Amino acid sequence: MKKIPNAYVVTLILLAPISLLFFPPSLTLILTLPAALVYPQIALFTGIFADILYYAPKANLEASYVGALVYFFAVFVRYIFKTRIM
Amino acid sequence: MPYFHNRSSTGRGSVSPTGFFVGAGLLVITSVFLFMRIFAPDVLVYVSKPFWQTGATVTTFVSNTFSLKSRSDLLNEVGTLRQTNGELATQLSILSEKNKTVSVDLAGEEQGVRAHVLVRPPVSAYDTLVLDRGSESDIRIDMYVYSNLGIPVGRISETGNKTARVTLFSAPDIKTQGWVGDNKFPIELVGIGGGAFKVEIPKEAPIEIGESVFITGSGATPVGTVILVTREPSSLVGSISIQPFVNLFSLTQVTVHD
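Residue numbers (our numbering), protein chains in the order written: chain A, 1 to 86; chain B, 1001 to 1258.
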């Protein structure tokens, strides 16, 4: 089985945070999940980036919380199942 | 051949060089954006503006292209809109006649600062707007923001020199005092995002469907109507659903004033 080309991985990683500027947060979440399975830090970064862009005073930092949640989920998944292609 | 590998035998917790660089890079980028947000909000908006404008264009294109409504639904909607248009034209003529009897002439006294909306829901999380005017245009924190029809939609929460951020009344967890109907029954509107509110009322509250909802402190302009009143027999409190007059997803211009 072929290894996923780096270009795809880079696109996946960039798409999640950049989509915050184009699409609703729900779509960003969908894009973040696969990216986070490759690099969990992406989820954390995307959440914080969403708050930097759109945080409103008096609101909770929900985007960062969700980002942290996805980060821990991705770390957990990677911890349990580390798939290797041989 | 792919297989699931037990990490315990390969050094659990080890970070690959690529992962380290990705993490470090993201940390630097986050710090730069955070710095901009705190110390130079105008720069952040300036950098994001082309993306937001492209996003708005793309969203409009997609929603127009992939409309899920059938032809018959659209025809029905056109018929309803024509009927509503006729009714509104009648109301307008009545109000125009009444307006002639008002002694105070408000023409030429347009209040406030007009501003373009750079980003709006659903793209902006938390129901916030970013405006292209700021403190240089005399916009200050806590000023009210109105739609083109003069309906209050939120308040200024942050200002830069050339930009401002608006927290909409419907932003999550934002509480706004208001009242309903001619009885002026007091309510507390709690924003839940997406232009929607959660409003709890006592079960015996004299609120009916179709009554107007007002927000305190912004003049007696209704912000929406009651479309559903829920009163569960087993509960002491009920709730109402509000249909806002302003579609936040299509706001392009607003007026800001005290």
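C-beta: ideal position from N, C-alpha, C; glycine also.
Model, not experiment: these values are computed from the prediction.
Simplified DSSP assignment, three categories, for residue i
i	result
A:V38	helix
B:Y1046	helix
A:A59	coil
A:L29	helix
B:V1123	coil
A:I13	helix
B:T1216	coil
A:I18	helix
B:T1176	strand
B:Q1111	coil
B:F1245	coil
A:I48	helix
B:D1105	Because B:D1105 carries a pLDDT of 49, less than 50, the predicted location of this residue cannot be relied on, and no value is offered for it.
A:L53	helix
B:P1272	The requested residue 1272 of chain B does not occur in the structure, where chain B is confined to residues 1001 to 1258.
B:R1071	helix
B:F1197	strand
A:A74	helix
B:I1141	coil
B:I1038	helix
B:G1079	helix
B:I1240	strand
B:L1118	strand
A:I80	helix
B:E1136	helix
B:A1300	The structure shown does not extend to residue 1300 of chain B, since chain B spans only 1001 to 1258, so no value can be given for it.
B:A1164	strand
B:N1157	Correcting the residue identity first, residue 1157 of chain B is Ser in this sequence and not Asn. Residue state, collapsed to three classes: strand.
B:T1225	strand
B:I1029	helix
B:T1128	strand
B:E1208	coil
Under 9 Å between C-beta atoms of residue i and residue j
i	j	result
A:A43	A:A74	yes
B:P1152	B:T1225	no
B:V1223	B:G1193	no
B:L1236	B:P1202	yes
B:V1166	B:V1254	yes
B:G1055	A:F22	yes
A:I52	B:L1034	yes
B:I1207	B:V1190	no
B:R1133	B:V1058	no
A:L31	A:A7	no
B:V1239	B:E1200	The residue you asked about is not Val; residue 1239 of chain B is Ser in the sequence shown. Yes. Within cutoff.
B:T1230	B:T1176	no
B:F1214	B:I1242	no
B:E1211	B:D1182	yes
A:Y54	A:L14	no
Residue nearest to residue i in terms of C-alpha spacing, selected from the options
i	options	result
B:F1169	A:N6, A:A56 and A:K82	A:A56
A:V70	A:I52, A:I48, A:N6 and A:V10	A:I48
B:S1250	B:G1195, B:L1228, B:D1258 and B:I1240	B:G1195
A:Y65	A:I80, A:L29, A:I13 and A:P24	A:L29
A:S26	B:A1125, B:S1234 and B:N1161	B:A1125
B:S1137	B:N1161, B:P1233 and B:F1214	B:N1161
B:P1050	A:L12, A:G67 and A:I18	A:I18
B:L1149	B:L1248, B:A1040, B:W1052 and B:F1061	B:L1248
B:I1209	B:M1036, B:L1228 and B:E1200	B:L1228
B:S1135	B:P1017, B:Q1091, B:D1042 and B:S1016	B:D1042
A:A63	A:P24, A:R78 and A:K82	A:P24
B:V1246	B:S1016, B:P1121, B:L1095 and B:R1071	B:P1121
A:K58	B:A1205, B:E1204, B:E1158 and B:E1188	B:E1158
B:P1244	B:S1070, B:R1037, B:R1082 and B:G1154	B:G1154
A:G67	A:V10, A:T11, A:Q41 and A:L12	A:Q41
Expected contact under 8 Å - CB spacing of residue i and residue j to nearest Å
i	j	result
B:A1171	B:D1127	4 Å
B:I1139	B:I1156	6 Å
A:Y39	B:V1022	5 Å
B:V1123	B:V1130	The pair is not a contact, with the Cβ atoms about 10 Å apart (cut-off 8 Å).
B:H1116	B:T1252	7 Å
Contact test: residue i Cβ vs the ligand GDP heavy atom, cutoff 8 Å
i	result
B:E1232	Inclusion of the ligand GDP in the displayed structure is not the case, the ligand content being empty and no account of it being possible.
Query raised in the report: Quick check: the segment 1144-1162 of chain B against the segment 25-36 of chain A, are there 3 or more CB pairs under 8 Å?
Result: no
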